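Going by this note's numbering, the first residue of the sequence shown is number 216, and it counts up by one from there. Positions of the beta carbon are idealized from the N, C-alpha and C atoms, including for glycine. Computed from a predicted structure; not experimentally measured. What follows is a single structure, written as structure tokens, with notes after it.
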Amino acid sequence: MMKLGKISALAFSRMKQRGISIDALNDLIAHGQVEKQFDGAQVVYLDSPMPGPSWAGRPQPRLYAVMDATGEILTVERRVRSKR
């Protein structure tokens, strides 16, 4: 389990633009899946944990963050992808 570290100015700006809260980012870092990159960076992502009946047939949000090798959050994104 990772802990939230430093957040870059770009990541903080993107969070505000996209309506992503610090609590959501904390949850992502604590419970997300990690893909390590060759340069030491990490992509941490979290698919919607509880799609529930209200999500039936609708696209699901996906939250992810890109961290550098030192653990600084470089950017944060919320994407919507369709289930096929």
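For residue i, count neighbouring C-beta atoms within 10 Å of its own C-beta (all shown protein chains included) and say buried if the count is 16 or more, exposed if not.
i, result
"GLY301", "What the structure shows of the chain is the stretch from 216 to 299, and residue 301 is not part of that stretch, so it cannot be assessed."
"VAL259", "buried"
"VAL291", "buried"
"ILE288", "buried"
Looking at residue i: is its Cβ nearer than 8 Å to the Cβ of residue j?
i, j, result
"ILE244", "LEU219", "yes"
"ILE222", "ARG293", "no"
"LEU240", "LEU261", "no"
Take residue i and list the residues in its own chain whose beta-carbon comes closer than 8 Å to its own, dropping the five residues that flank it on each side.
i, result
"GLN252", "VAL258"
"ARG229", "ILE235, THR290, VAL291 and GLU292"
Taking residue i and residue j to be in contact with their CB atoms under 8 Å, please state how far apart those CB atoms are, rounded to whole angstroms.
i, j, result
"ASP242", "ALA284", "Incorrect: roughly 23 Å between the Cβ atoms, too far for contact."
Here's a check: name, in chain order, each residue in its chain whose Cβ is nearer than 6 Å to the Cβ of residue i, leaving out the five neighbours to either side.
i, result
"GLY286", "GLY220"
"VAL281", "VAL258, LEU289 and THR290"
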